[in-house]
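Asks: After the structure tokens below, expect a handful of questions from me.
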Amino acid sequence: MAWLILVVMFGSVVPVVPTGAAVSGAAALAAHQHPLTVVLVVAAGALGAYVGDLVTYLVLGWGGERIARRLRWLREPERLDRVSARVREGRVSMLLVSRLIPGGRVPVLLAGAVAGLTWRRFAAANAPASLSWAALYAAIGVLGRAIFPEPWQSVVAAILLVVLVTQGLSWVSRRRTAPAHPPARP
């Protein structure tokens, strides 16, 4: 389980690592070996996500304003203010939703850091969000175990499902933010 903690922690700091797929695959494998070990997978995934988010929050808190000004979608002060207000109002729900949307976690952590969300409040709000996230992805892996008889099949199915859902959500998000009409040519 230590490897899972490290992979998820690393993926929380470097957001290109597919941490959800790692948790789902580990849960699928654990469910085939001994179903109670799925609880350990959830705990390991949640711990890795939690610690990784704490590190990321520290870094974003340190360079928050400078980083926010460099991000294309946060250059408008009103947009950063709206996201910051949402983080302050619904800390746990906002953190959970941000974990489930591809590319959503870092901007929400950045908005929280810029908005002045204290370290203690962030740490308290992030714990249930990390646990819920790990439980959801573990459930995807357990579902794969229920459908496929062989461990390798359920691991592959869980990883493919997570990748497909993540890519689908990312595509929908890009379509929403794309301009409705292309700019006119001179």
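Going by full-length UniProt numbering, 12 is the number at position 12 of the sequence shown; the sequence numbering is gapless.
Even for Gly, the Cβ is constructed at its ideal location relative to N, Cα and C.
Among A134, L136, A135 and L161, which residue has its Cα nearest to the Cα of I147?
Replies: When only C-alpha atoms are compared, the closest one is L161.
Asks: Should residue 187 go down as buried or exposed, given a rule of 16 or more other Cβ atoms within 10 Å for buried?
Replies: The question about residue 187 has no answer here: the residues shown for the chain are numbered 1 through 186.
Asks: Please state whether DSSP places H32 in a helix, a strand or coil.
Replies: Helix at H32.
Asks: DSSP on I101, reduced to helix/strand/coil?
Replies: Here I101 sits in coil by DSSP.
Asks: Taking contact to mean 3 or more Cβ pairs, one atom from each stretch, closer than 8 angstroms, check whether the region 105–116 and the region 25–43 are in contact.
Replies: Touching, no, given that fewer than three Cβ pairs across the two stretches are closer than 8 angstroms.
Asks: Among the candidates E78, S132 and G141, whose CA atom is the shortest distance from the CA of V114?
Replies: The residue with the shortest Cα to Cα distance from V114 is E78.
Asks: In chain order, what residues of the same chain lie with their CB nearer than 6 angstroms to the CB of G144, ignoring the 5 residues before and after it?
Replies: Cβ neighbours of G144 beyond the five flanking positions: A28, S154, A157 and A158.
Asks: Would you kindly check if the distance between the Cβ of V51 and the Cβ of V1 is under 8 angstroms?
Replies: At residue 1 the sequence reads Met, which differs from the Val that was named. Going by C-beta atoms, M1 is not nearer than 8 angstroms to V51.
Asks: When you compare only the Cα positions, how much space is there between P35 and A138?
Replies: So the two alpha carbons sit approximately 11 angstroms from each other.
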